[in-house]
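Colleague: Could you have a look at this structure, given as structure tokens, before my questions?
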Amino acid sequence: MLSCRHGGVEMSAGLTGAQSDAARASGPIVVLAGAGTGKTRTLVAGFVDRIMRRGMRANRILAVTFTNKAAAEMKSRIVEALGSGVAPQWVGTFHAHGRRQLRTDPDIAGLRQGFDVCDAEDSQKIVRRLLEKACAAGVFEVEDSEVFRRRVKSITARIAMLKEELILPDVAAAATEGLIASRKLADPDDIMAWRDAAAVYPAYQALLREANMADFADLLLWPTITMLRDETYRRDWAARFDAVLADEFQDVNRLQFLWLKALSRDHGELFCVGDDAQSIYGWRGANVRIIRNFLKEFPTGRMIALEENFRSTGHILSAANAVIARDPNRLKKELHTAAGDGKPIEIVSWSGSAEEAKGIAAEIGRRALEGVPYSDMAILYRFNFLSRLVEEELLRSKIPYELVNDTAFWQRAVVKDALALLRLSCCPDERQSDEAFRRVVNQPARGIGAKSIARLEQLADDEAVSLFRAAEIWAGSASGKTRERLQAFLSFIRTMEDRAEASENSLSPRIRTLLEDSGYADMHRAAGEDGRAALENLHELLELAQEFADAQDLFDHASLGSASHGEDTFGRVKLMTIHGAKGLEFGHVFLIGWEDTVFPSRNNSDPDEERRLAYVALTRGRRQVSISWCAFRNGRPAEQNCFVDELPEAARHEGWLREVGHNRRFSSGRRSSAAEQNAALGF
1 MLSCRHGGVE
11 MSAGLTGAQS
21 DAARASGPIV
31 VLAGAGTGKT
41 RTLVAGFVDR
51 IMRRGMRANR
61 ILAVTFTNKA
71 AAEMKSRIVE
81 ALGSGVAPQW
91 VGTFHAHGRR
101 QLRTDPDIAG
111 LRQGFDVCDA
121 EDSQKIVRRL
131 LEKACAAGVF
141 EVEDSEVFRR
151 RVKSITARIA
161 MLKEELILPD
171 VAAAATEGLI
181 ASRKLADPDD
191 IMAWRDAAAV
201 YPAYQALLRE
211 ANMADFADLL
221 LWPTITMLRD
231 ETYRRDWAAR
241 FDAVLADEFQ
251 DVNRLQFLWL
261 KALSRDHGEL
271 FCVGDDAQSI
281 YGWRGANVRI
291 IRNFLKEFPT
301 GRMIALEENF
311 RSTGHILSAA
321 NAVIARDPNR
331 LKKELHTAAG
341 DGKPIEIVSW
351 SGSAEEAKGI
361 AAEIGRRALE
371 GVPYSDMAIL
381 YRFNFLSRLV
391 EEELLRSKIP
401 YELVNDTAFW
411 QRAVVKDALA
421 LLRLSCCPDE
431 RQSDEAFRRV
441 VNQPARGIGA
451 KSIARLEQLA
461 DDEAVSLFRA
471 AEIWAGSASG
481 KTRERLQAFL
491 SFIRTMEDRA
501 EASENSLSPR
511 IRTLLEDSGY
521 ADMHRAAGED
531 GRAALENLHE
541 LLELAQEFAD
551 AQDLFDHASL
561 GSASHGEDTF
571 GRVKLMTIHG
581 AKGLEFGHVF
591 LIGWEDTVFP
601 SRNNSDPDEE
611 RRLAYVALTR
621 GRRQVSISWC
631 AFRNGRPAEQ
641 NCFVDELPEA
651 ARHEGWLREV
661 GHNRRFSSGR
671 RSSAAEQNAA
681 LGF
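Right under this line is the structure:
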């Protein structure tokens, strides 16, 4: 145990030998902190040790992390350890520190004093304006509004990634071609998106400067570029600090790493804490090779592993160790605990996702009756679409839940769009369908913009008719493609209305026809990978619609489902993606969708990152982890995934440890014809 005194108050850090060794180490240090091994405690101890044992001043230690919440927690722990008389001034996020640096010298970015920082939404608005001008000039051609929205988002994200690679606007085109080649990109849509970003980037940056604005990436880009180019400037900033500490080091990108190196080069005091096995943000620029190559960058440095886990049972750690051991590039460590083996991992298989959802809800209810708080249970999944059936069953079972960092199923835009099509086809002549008309009339694009909608609204008011009927009146005076597309849409809705009145279709096939024949489904298919989640959610809606004979019943169900979400979330089961669960822990964790068609994702260019996701998922559990998979998901046959196969026999148990009335092994259930049709259509 590390004990020390400050301001007359004795403090005990309660560190293990490895944590103490790490906290007291000097020079370039990377602490390989496995899940649940006390990462934050070690980082704070390192900060405190530099003040109390080595005589540094708190205002000369720079500590950086990724979120405001993590920075606030770090600062709070430091103040708790040192006393309120010592206020650390340089504990914050990368963006916060970069902003302070750029505020001091805004001219390095071509900015003036008092510049504004634009957020992600502001950046997208600028890109949108540029693309609209380019479309008007015939440079870009994007007909569909949803495709246009995704293109804006994609280009904005890639401009930020170019900045994170220290690529400036004047060399963006050539550098992007090099990036495409070095990453061996093969997807034509991906390549086009990168080239589009390189083309838009110079004009985007010019608009930022003209408006005296910096985006988030600029906050670190220009200080780093300047420190690399101007040694006097670098030394001036580096001299302000005696040590640099970095949290979540496995998630840094190239720009962040070069910034850290530039500020710590003279004194060599770079203290980094992270875990390469938990690097799961490659899609947003995190480079796991940085932590893995630390000792190559700093030959005189040290790597200290923290392997004693204080969170999970032995069986959970055994499972996690077995999964991550198959990553050939991992930094070697073996998590262990003194807490005992605990319960083995439950592997529960089901005939389909509906049975899975019922079984999970029933098991949660059983554990709640045994005294497990709802708030100590979590359901984790690889993709958001997997939550829908579970949400439904939790609602039916009156089990309170919170959907974390996600939009509830019934509030998702794609689901609302599909229901809007259905509502419009039910009663197009009623004013209650006006909002549905507004939502879908231009999806896909039919040349009906805001001005056209305003004209239709005025006509509807004048004639005391619905927007749909006003559109029928107005369509006769429209011209060209707009008239052709609008009339086709209106005629289609009328046909679907007639079919509904004649009861020619049950609800699920009717919705499927609406999605197909309106062009809505094809709009999402054309978006490639960006449209995959939308199609999965549409499939979930089609599956659910089979339970309803009447559209109004489905509308009522959707409204109740939306209203039930967003209430007080204290004491609720948590539902979230594995990414969203990073850094969290729960007594009981249910991992759903562990079949080979879902997880690992075939769309991730880095299969090892999928393995790291499995490791993160397993290590969220403290007492019990249950893995669930289905023989059929979304009408497609599946097997348990490779991660389940790799779990040690001694650490796993087939089925629930105590049965609750649902079959432990799946039945040989037959897919419904509707499910087969949905699968064939690509939903």
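Residues 1 to 683 in UniProt numbering are what the sequence shown spells out, letter by letter. Heads up, the beta-carbon is just placed ideally off N, CA and C, and yes, glycines get one too. These numbers were taken from a predicted model, which means no experiment stands behind them.
Pairing CB atoms from the segment 27-46 with CB atoms from the segment 268-284, are three or more of them under 8 Å?
Modeller: yes
Colleague: Using CA atoms only, rank isn't needed, just tell me which of GLU463, ARG229 and THR156 is closest to TRP194.
Modeller: THR156
Colleague: Taking the alpha carbon of ALA631 as the point to measure from, which residue in LEU486, ALA436 and SER353 has its own alpha carbon closest?
Modeller: Looking at the Cα atoms, SER353 is the closest of the given residues.
Colleague: Going by Cα to Cα distance, which pick from VAL200, GLU177, VAL244 and GLY98 is closest to GLY46?
Modeller: VAL244
Colleague: Give, in chain order, every unbroken run of the beta strand (DSSP E) that is at least 3 residues long and sits entirely within the segment 441-503.
Modeller: Correct list: empty.
Colleague: Between which two residues does the alpha helix (DSSP H) containing ARG623 stretch?
Modeller: Taken as a continuous stretch (DSSP letters only), ARG623 belongs to no alpha helix (DSSP H), being part of the beta strand (DSSP E) at 621-630.
Colleague: Suppose you measure from the CA of LEU380 to the CA of SER508; what does that come to, to the nearest Å?
Modeller: 28 Å
Colleague: Under the rule that 16 or more other beta-carbon atoms within 10 Å means buried, what is LEU15, buried or exposed?
Modeller: buried
Colleague: In its own chain, which residues sit with a C-beta less than 7 Å from the C-beta of ALA145, not counting the 5 before and 5 after it?
Modeller: For clarity, residue 145 is Ser in the given sequence; the question names Ala instead. These residues qualify, in order along the chain: ASN442, GLN443 and ALA445.
Colleague: With H, G and I counted as helix, E and B as strand and the rest as coil, what does DSSP make of LEU15?
Modeller: coil
Colleague: Specify whether the segment 392-412 and the segment 611-629 touch according to this definition: at least 3 beta carbon pairs, one from each stretch, less than 8 Å apart.
Modeller: no
Colleague: Keeping to the same chain, check which residues put their C-beta closer than 8 Å to that of residue 770; ignore five residues upstream and five downstream.
Modeller: The structure shown does not extend to residue 770, since the chain spans only 1 to 683, so no value can be given for it.
Colleague: Restricting to Cα atoms, I'd like to know which of VAL139, ILE324 and ALA500 is closest to GLU334.
Modeller: ILE324
Colleague: Residue range of the beta strand (DSSP E) that ARG401 falls in?
Modeller: For the sequence presented, residue 401 should be read as Tyr rather than Arg. Segment 401-403, the beta strand (DSSP E) holding TYR401.
Colleague: Going by other Cβ atoms of all chains shown within 10 Å of its Cβ, with 16 needed for buried, is GLY566 buried or exposed?
Modeller: Low local confidence applies: a pLDDT of 40 at GLY566 is under 50, so the model's placement there is unreliable, with the coordinate-based value given in what follows. So GLY566 counts as exposed.
Colleague: Tell me ASP116's beta-bridge partners as DSSP assigns them.
Modeller: For ASP116, which the question treats as bridged, DSSP gives the partners MET213.
Colleague: Taking DSSP as the reference, what is the three-state secondary structure of TYR281?
Modeller: coil
Colleague: Cβ of GLY528 within 8 Å of Cβ of THR482?
Modeller: Cβ distance not < 8 Å, so GLY528 and THR482 don't count as in contact.
Colleague: Which of the three DSSP states, helix, strand or coil, is assigned to VAL171?
Modeller: helix
Colleague: Rank ALA534, ALA238, HIS315 and ASN253 by C-alpha distance to the C-alpha of GLY621 and give the top, closest one.
Modeller: HIS315
Colleague: On the DSSP letters alone, give me the boundaries of the alpha helix (DSSP H) that HIS588 sits inside.
Modeller: Segment 586-591 is the beta strand (DSSP E) holding HIS588; no alpha helix (DSSP H) there.
Colleague: Measuring alpha carbon to alpha carbon, tell me which of ASN603, TRP629, GLN205 and GLN19 ends up nearest ASN309.
Modeller: GLN19
Colleague: Helix, strand or coil for THR93, going by three-state DSSP, please let me know.
Modeller: strand
Colleague: Identify every residue that forms a DSSP beta bridge with GLY55.
Modeller: The partner list for GLY55 (beta bridge, DSSP) is empty, contrary to what the question assumes.
Colleague: Excluding the 5 residues flanking LEU459 on each side, which residues of the same chain have their C-beta closer than 7 Å to its C-beta?
Modeller: ALA470, ILE473 and TRP474
Colleague: By the 10 Å Cβ neighbour count, where 16 or more other Cβ atoms means buried, how is VAL288 classified, buried or exposed?
Modeller: buried
Colleague: Can you name the start and end residues of the beta strand (DSSP E) that TYR381 belongs to?
Modeller: 377-381
Colleague: Tell me which residues share the same chain as VAL79 and place their Cβ nearer than 8 Å to its Cβ, disregarding the 5 neighbours each side in the sequence.
Modeller: Taken in chain order, the residues that qualify are VAL86, ALA87 and PRO88.
Colleague: State the DSSP-derived secondary structure class of LYS133, mapped to helix, strand or coil.
Modeller: helix
Colleague: Taking C-beta to C-beta, are LEU82 and ALA63 nearer than 8 Å?
Modeller: no
Colleague: Alpha carbon to alpha carbon, how far is GLU585 from ALA436?
Modeller: In this model, GLU585 and ALA436 are separated by some 41 Å (Cα to Cα).
Colleague: Span of the alpha helix (DSSP H) holding PHE148?
Modeller: 145-164
Colleague: Indicate the three-state DSSP secondary structure (helix, strand or coil) for CYS272 in the structure shown.
Modeller: DSSP, reduced to helix, strand and coil, places CYS272 within a strand of the structure shown.
Colleague: Is the segment 196-213 close to the segment 111-122, with three or more CB pairs under 8 Å?
Modeller: The segment 196-213 is in contact with the segment 111-122.
Colleague: Name the two residues that bound the continuous alpha helix (DSSP H) containing ALA617.
Modeller: 607-618
Colleague: Looking at the unbroken beta strand (DSSP E) that takes in ALA243, where does it start and where does it end?
Modeller: Element bounds for ALA243: 243-246.
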